[in-house]
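S.K.:
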Amino acid sequence: MPRWAMVIDLDKCTGCQACVIACKAENNIPFVSPEQAAMGRTISWMEVIPIVEGEYPRVRVRYIPRPCMQCDNPPCTKVCPVYATFKNEEGLVAQIYPRCIGCRYCTAACPYTVKYFNWYAPQWPEEMRACLNPDVSTRPKGVVEKCTFCHHRLQKAKEKARAEQRELREGDYVPACVQSCPAGAMFFGDLDDPMSTVAQLARSARAFRLLDDLGTEPKVIYLIEGEWYGPRKRA
Amino acid sequence: MDREREHNEADAKLFAPMLETGRPFYLTVGVLLALVLWGIYAWLTQYRWGLGVTGLNRPVYWGFYITNFVFFIGISHAGTLVSAILRLCQAEWRRSITRSAEVITVLVLFFGVANILADLGRPDRVLNVIKHGQFHSPLLWDVTSVATYLTASSIYLYLPLIPDLALLRDKLQMLQSEGRLTSLFMRFRRRLYAWLALGWTGTERQQRRLNRAISVMAVLVIPIAVSVHTVVSWVFAMTIQPMWHSTIFGPYFVTGAIFSGIAALILAMAIIRRVYHLEEYLKPIHFNHLGVLLLVMTLLWLYFTFAEHLTSYYGAEPAHMRVFWTKVTGRYAPEFWAMVVCCFIIPFSLLSRRRTRTITGTVIASVAVIIGMWLERFTIVVPTLVNPRLPYERGLYSPTWVEVAITVGCFAMFILLYVVFTKLFPIISIWEVREGRERALQEAAERIKTYLPGEEVEEVGIGVLS
Amino acid sequence: MNRILLFTVILVLAVGGGYLVARPFSEVVQPIAFNHKVHIDNGLDCSACHERYSQAAVAGRPKLTTCLFCHETPLTESPEEEKVRQYAERGEEIPWRRLTRLPAHVYFSHRRHVVLGGIACQTCHGHIGQSTSPPSRPEIQLKMNDCLACHRQHGVTTDCNACHR
Amino acid sequence: MDGTTFKIERREFLKLLAGATSGMMLSGYAFNKLTPVGQAYTDWPERIERWVPSVCLQCSGGCGLMARVVDGNVVKLEGNPLHPVNRGRLCPLGHAGLQLVYNPDRIKTPMKRVGGKGSTQWVSIGWDEAINLLAERLGELRERGQPHSLIVLDGRPTGLMGALWERFCQAYGTPNHLPTDEPDGMRIAHRFMQGLDQLFGYDLENANYILSFGCQLLDGWRSPVQLARTYGYLRQERPGPRAKLIQIERRLSPTAARSDEWIPIRPGTEGALALGIAYVLIREELYDRRFIEQYTFGFDDWTDARGQHHKGFRRLVLERYRPENVSAITGVPVDTLIRIAKQFATTRPAVAIGGAEATLHSNGAFNALAIHALNALVGNLDLPGGVLIGEEIPFKRWPPINSDAVAREGRRRPRLDRAEGDAPWLDTLPLEALGERILNGTPYEVQAVFLYASNPVFSTPTSARFAEALERVPLVVSFASFMDESTAYADLILPDHTYLEKWQDGPAPPLSGVPTLGVAQPVIEPLYETRHTGDVILALARRMGETLAAAFPWTDFKEVLMFSVRGCYEARYGRVFSESFEGAFIRQLQERGWWIPQFSSFEAFWEELVKRGGWSGLFHEYGKWGHIFRTPSKRFEFYSQRLKAELEARAERRGQPLDALLEELNITARGDEVFLPHYEPARFAGDESQYPFHLNPFHVLVLNSGSGANLPWMQEIVGLHVHVKWDSWLEIHPETARKLGIADGDWVWVESPYGKVRIRAKLYPGSMPEVVNIPLGLGHTASGRWASGRGVNPYALIGPAADRLGGLPARYATRVKISKA
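Protein chains in written order, with my numbering: chain R, 2 to 236; chain L, 434 to 899; chain X, 320 to 484; chain G, 3 to 823.
If you want it as structure tokens, here you go:
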């Protein structure tokens, strides 16, 4: 069984947010009105966290793209009372909308705050419904949602590979954010395959994980900014 | 029979609320009903449009409802726990207050559950909790323990009610035989009492069995009550969120629960005393005793609060400190310090002196504690959520009219049900008061003798544990 | 006692009435009384009309052009067959109604099940191939437990993610 | 007793009745829920999926797209992996193309204004009627001999559409095909120093040191995805140490944030800093001596043919731009300046790039000259890692036009945006001045305005005046897809397709020096009654008489495209987009001079071109020394002889002394210094004592200066670093804010001599104490439901100023004051 993981090279990231919008387009994420947005109800499975540090003129802005960490030891799945969020055998933390009762325990338990709630039923102008992705359902009101590593792409990739009677290859399955990253800062693959790009990069001395000390074992691995003379990869 | 009449005359005031109803009652019910309807309307609005009509957001996913949930479950400790402990301790002054405490417990639990339902994004799927329940979720523990507690405390309310129901049955029977029972409703009530009284006649055997059942339940209900609030606290403590993930949350919440429970009980007693003119049954001494209990809980609460915050402060983990400062000096400082004033400064200054430990004093302290404890729940739930671990935009939370209405509706409905209960059932345990009047003095005297040196007295077959 | 009886009778009537009122709306009425059996007996395979079941998620319904491939000129004297040409004259597609449906949050791939999994059409669609007139409701009403049972039996994934997105 | 029983019975009956009814309703509802309502299930998605290549037109970056089309709808846009510009990647704005195409606010049919000027009522009309109407009105103008009174404002003047408009203007007889896209100030330097009129590329992938003077490399400059790709490559893909990026800018922009060092600088003094760096290079002899000797002119003092002695660049710099002087002007510490200069000189290849921030000033042209001079000092022209002078796309030339007498006469009239009709670069008027000219009727009355991809009422300083001007013009025609601020003044609206609905060419902006052309087919059927503006031009021409019709021998734009790309087929170099490994081999062959045709016929070429999405030139030939210096001296000219000649010619024509002309052009230098890169103090609107802050209206990648504002996704991510969504914000230095008593999130008034806006202040340590920043692109008053009424438009504050030498609008030359609202 593969263990899907993402590597994000912060040194390459330009903070452009292409990943954010690629995700919204791929996963039928509704936009909310400006008033709702001001209340903090924007849904953004992939979000870039800006960190402004230092004082003028030595100011630094770091951009940290943040999908669901797909923890190996997820604090959210433990607290779900109805098995609406769970970790599947490939390590993806799933979110099953038709099961969810909307108690928002998982959202409160997630130390990365990656879970979002449908405060209202999502809405689109009629014209825009035409460009919804038919591979992904639109969520009803009152359920929790989050980044799924575009697992519908995995299902399609698997089906395609099987139809072609071959094993899944690296690059067959890539989430929309990784696919779109203009700077090539994002990598995706099987962490259990020692030869995969992500596994190699995960071993890099630049590698770190967000809130690593919490023991959540995230499968999103970051590479810190700065000079580095180790092996390099082209996404 | 003579003795019976004697008693009845003495306790006429206890029967009065159930037999006579005046305008103030309807007025009260009317007002409460209006508030309840407002709450229901708010809930329907929320059901129709979704939780978007509340002020909740990301990252403040929980707000008023969860606060209310914890608060109501806390209040529920009023009863059962206090009355059970007092019973087990054979505190004689308990006799006139146990019932009002137990009723609080049973009724308020419903509103704890109701607030959880109000908080669900998909209340229509609530049965998933049973169909697909996952026991690794503390929420399931909650479901289990609250359900158990509701069952146990209902039984615990019912058991001591049986002799009183029989009294009522007999009373109404008497009235009917005198032809004074004309209304259909009264006749229905007579039948209801008869049915609920389970044929109680007060024989020795029945008495013994009842006492035994009550004492078993009293023993049983204490661990359940402790577990309920511990589990409620674990909903928070089992996450790894700053200032939730705390080992003392169990006892801290239980302490707070008993604390607020006693306060609620004092308030309820004071109102009952005033409205139903039960000054003879609920005496200053009762308030004094409960006041002392409240004082103890105040100190205990302060101890836990201090311990909880000091460890956070001293450890100085950045994530914890953000929450800490939000409470102490930041956005939620007004709520936090109001809580300290309400939960400690007011009750402590009033209750620590005998001179101010009067009925008025304890009532003021109780009102403060109830407000303070609600604020405590609020300052536990919200500031942590406002400060997510990652440097997101900090959330702000301001409840909308829907949350206020549902909260008010819950309080109103609780009070309404309480009022209705007092109109249907004796809010002071009549038989226990009688029992006290008949036997307790002598028993107590004998019991006290057993404490004294020298005199070897045979164990007296009294008390609940016999 | 009478009262209880009366109440029961009214309840039964009410539920039954409601069902009867709702029933016509829930029936699937096809624009043409299509005879599956005749087509199968004439040697046509499912894929002749449901073209893409082996390549894609959706098996597809026959386009008018597919029908006209054979029915350009009358093969029988059936008035139903005539309707095909009437649609053609009006330049309209035949508005076939969908009989077997899944909820919107379930993702089902025909290729995956039929080609990769080797599941026979009949497993889910029953004896539609033997029907002589369009059924008004599917013969087999699939529930999630049916899916799960089959998945377990074949030892394939029971991960919720596999079907729910 | 009986009475009571009856009563109960009746009540009971009513209850039962009610119960029965509700029971019936409930059960009916339940059954309906359980089983499908047959009638509703005619909706039967086939899920037939295709991927269609296209070209993104959200900005001028020229990225290739792959559109995922399911059942006739585009459901996702991804990058075309074969396209050399973006290699399968896409920026946020590119993804949001979906929200543009499926935007509910699109104009759905041609429309005609009813009720005359000033009315806001339009009626839908048919295309035939619309085109006939337009042909008639334009015909009248020609009959009256006033074809020149038509102006075409073209916001996308590159590529075939620009050429088509130009040809239409030629055949029709107007000189007024006026570009409205933001000019690139560095072009001035290319013209004066190298005699070339084109935009240069920069070989960033091979550079080791990039000195950016306010160039928004990662915020939408030229081709955002290509730049981001390059950035990633420079950071962690290329072998060897990471390239250094130094950002000299007045704001910590995302580019500055991602650079290795941010050097805040006083607005408008970038040229001085460049000269200060030049000082260090010259003083420490760190410049490329061989290059200076062989390929430059005017570095050392020189004597002209008449024996007159002239000052050289070296002496000017050594005399005037000592680091302490430069530090005093720019506010950049001396040690920083020296350090940067030494790094620039020693970390080769090093390249200096000027951006809009440095050149859109009243002294923009001289800033550009100073910055470009640095590239010459390190000899990094047309070399790996340097400035690249690229090839144009080899479009096939269109047949010449036989224009009639009316057209020829019209074309002889002066262009409306030229102050005196002399050399094209000198004294070009910015857009706002154009508005004034229309209002004043000078030099002639304007009778018709075409708005193509152009929204001057939104993106021009003193836009109210421009609106007035449009009110005054008898015929305003807009080809916009949205009811934007300018289209609101249109008498006729002929909505164009969106880019996913049409054939188009997508030339990539020059960057790698390699000509790259994207070719796009319609991805979906047009959603509405819109029409390709190219087709409209052709249809219009056909209806306007023989001569015009003859100039356009094509039936539709697709034919224009096919005709033109034949040039690529016949170019004997380059290749239809291909996988990089495949391309690498062909490239090696071509670099060695081999040419193997890829296709046997044009048809085969065309088919593959459309399927793969475009054509590219594959490689850049470095060091074409004879080709890149088209100056009188055939060298790189520090001392611009062309500038001198043209200024003198103008002075002479006017019969005034040169100094008087310089005075008029606001040039303070005199003598030889004028023609050398030197520092001219920038002028700012608003007195410093009254308006203490510089206003910096900055670009945001996702807004693309305004067109992104009606895309909800873009509104959601607009102000990432200050946590602002759906709104504008004012970035202010925390200390400055404290002094003014402004807290984060407070409403403030920003007032310039030209206007006043109310905006929310955000404390941002990345703003300079004396500069406040407002994003460009919000504050629409029209343009759709999501754009309209959100945020403020900084153009309301900006004065109509320009660099009069280079014709650059001085967008960054306004001062403001701030007060709490």
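Backbone N, C-alpha and C fix where the C-beta goes; we use that ideal spot for every residue, glycine too.
#1: Might you give, ordered along the chain, the residues of its own chain that have their beta carbon closer than 6 Å to the beta carbon of leucine 629 of chain L, omitting 5 neighbours on each side?
#2: According to DSSP, is asparagine 361 of chain X part of a helix, a strand, or is it coil?
#3: Can you tell me whether DSSP reads tyrosine 289 of chain G as helix, strand or coil?
#4: At a CB distance below 9 Å, what residues from the stretch 425-438 of chain X approach chain R? Give them in sequence order.
#5: With a threshold of 7 Å, establish whether the CB of proline 824 of chain L neighbours any heavy atom of the ligand HEM.
#6: Label cysteine 482 of chain X either buried or exposed according to how many other C-beta atoms from any shown protein chain fall within 10 Å of its C-beta, with 16 as the threshold for buried.
#7: According to the neighbour-count rule (16 or more other Cβ atoms, all chains shown, within 10 Å of its Cβ), is proline 777 of chain G buried or exposed?
#8: Evaluate tryptophan 53 of chain G with the Cβ neighbour count: other Cβ atoms within 10 Å of its Cβ, from every protein chain shown; 16 or more gives buried, anything less gives exposed.
#9: If you compare alpha carbons, which of G:Gln196, G:Leu664, G:Gln449 and G:Val76 is closest to leucine 140 of chain G?
#10: Looking only at C-alpha atoms, which of G:Lys764, G:Pro771, G:Ile719 and G:Glu207 sits nearest to threonine 738 of chain G?
#11: Can you check whether the C-beta of valine 377 of chain X is within less than 8 Å of a C-beta belonging to chain G?
#12: Along chain L, which residues have their Cβ under 7 Å away from the Cβ of alanine 122 of chain R?
#13: Using 8 Å as the threshold, is the stretch 815-824 of chain L in touch with the stretch 672-684 of chain L, meaning 3 or more CB pairs across them?
#14: Nearest-angstrom Cα distance between threonine 37 of chain G and asparagine 105 of chain G?
#15: Beta carbons nearer than 7 Å to chain X: which residues of the stretch 11-28 of chain R have them?
#16: Could you tell me how far apart the beta carbons of arginine 430 of chain X and alanine 375 of chain X are, in whole angstroms, since I believe they sit closer than 8 Å?
#17: List the residues of chain R that tyrosine 233 of chain G touches, going by C-beta distances under 8 Å, in chain order.
#18: Which class does proline 683 of chain G belong to by DSSP, given the choice of helix, strand or coil?
#19: Pull up the DSSP beta-bridge partners for serine 225 of chain G, would you.
#20: For the beta strand (DSSP E) containing phenylalanine 87 of chain R, list its first residue and its last residue.
#21: Mind listing the chain X neighbours of glutamate 605 of chain G? Cutoff is C-beta to C-beta under 8 Å, in chain order.
#22: Comparing the C-beta of tryptophan 46 of chain G with each C-beta of chain X, is any distance below 8 Å?
#23: Find the residues of chain R that neighbour arginine 764 of chain L, judging by a C-beta separation of less than 7 Å, and give them in chain order.
#24: Thinking just about the alpha-carbon of each residue, which of G:Ala407, G:Val702 and G:Val57 is nearest to the one in glutamine 218 of chain G?
#25: Can you tell me whether proline 593 of chain L is buried or exposed, with buried defined as 16 or more other CB within 10 angstroms of its CB?
#26: Can tyrosine 98 of chain R and glutamate 146 of chain R be called in contact, C-beta distance under 8 Å?
#27: Where does cysteine 14 of chain R land, buried or exposed, given buried means 16+ other C-beta within 10 angstroms?
#28: I need the straight-line Cα distance from glycine 309 of chain G to isoleucine 153 of chain G, nearest angstrom please.
#29: So, helix, strand or coil for leucine 325 of chain X, using DSSP?
#30: Leaving out the 5 sequence neighbours to the left and right, which residues in its chain are closer than 7 Å to leucine 467 of chain X when beta-carbon positions are compared?
#31: Could you tell me the alpha carbon to alpha carbon distance between valine 39 of chain G and isoleucine 563 of chain L, rounded to whole angstroms?
#32: Kindly indicate which three-state DSSP category aspartate 805 of chain G falls into: helix, strand or coil?
#33: Output, in chain order, the set of chain X residues within a Cβ distance shorter than 7 Å of arginine 49 of chain G.
#34: Assuming threonine 812 of chain L contacts glutamate 768 of chain L (C-beta within less than 8 Å), just tell me the rounded distance between them.
#35: So the alpha helix (DSSP H) glycine 55 of chain R belongs to, where does it begin and stop?
#36: Rank G:Ile403, G:Trp597, G:Glu593 and G:Arg253 by C-alpha distance to the C-alpha of arginine 574 of chain G and give the top, closest one.
M.R.: Quick answer:
#1: Leu598
#2: coil
#3: coil
#4: Val425, Tyr426, Ser428, Arg430, Arg431, Val434 and Leu435
#5: The ligand HEM is not part of this structure, which contains no ligands at all.
#6: buried
#7: buried
#8: exposed
#9: G:Gln449
#10: G:Pro771
#11: yes
#12: Gly483
#13: yes
#14: Because threonine 37 of chain G sits at a pLDDT of 41, beneath the cut-off of 50, its placement in the model cannot be relied upon, and the following sentence gives the value as read from the coordinates. About 35 Å.
#15: none
#16: 6 Å
#17: Lys13, Thr15 and Ala184
#18: coil
#19: DSSP output for serine 225 of chain G lists no bridge partner at all.
#20: 86-88
#21: Within 8 Å Cβ-Cβ: nothing; glutamate 605 of chain G doesn't reach chain X, min ~28 Å.
#22: yes
#23: In chain order: nothing, as chain R lies at least about 14 Å away.
#24: G:Val702
#25: buried
#26: yes
#27: buried
#28: 48 Å
#29: helix
#30: Thr477
#31: Model confidence at valine 39 of chain G stands at a pLDDT of 42, short of 50, so the residue's coordinates are unreliable; what they give is reported in the following sentence. Between valine 39 of chain G and isoleucine 563 of chain L, the C-alpha separation is close to 31 Å.
#32: strand
#33: Ala375, Ala376 and Val377
#34: 5 Å
#35: Where glycine 55 of chain R is concerned, there is no enclosing alpha helix (DSSP H), although the beta strand (DSSP E) it sits in stretches over 48-56.
#36: G:Trp597
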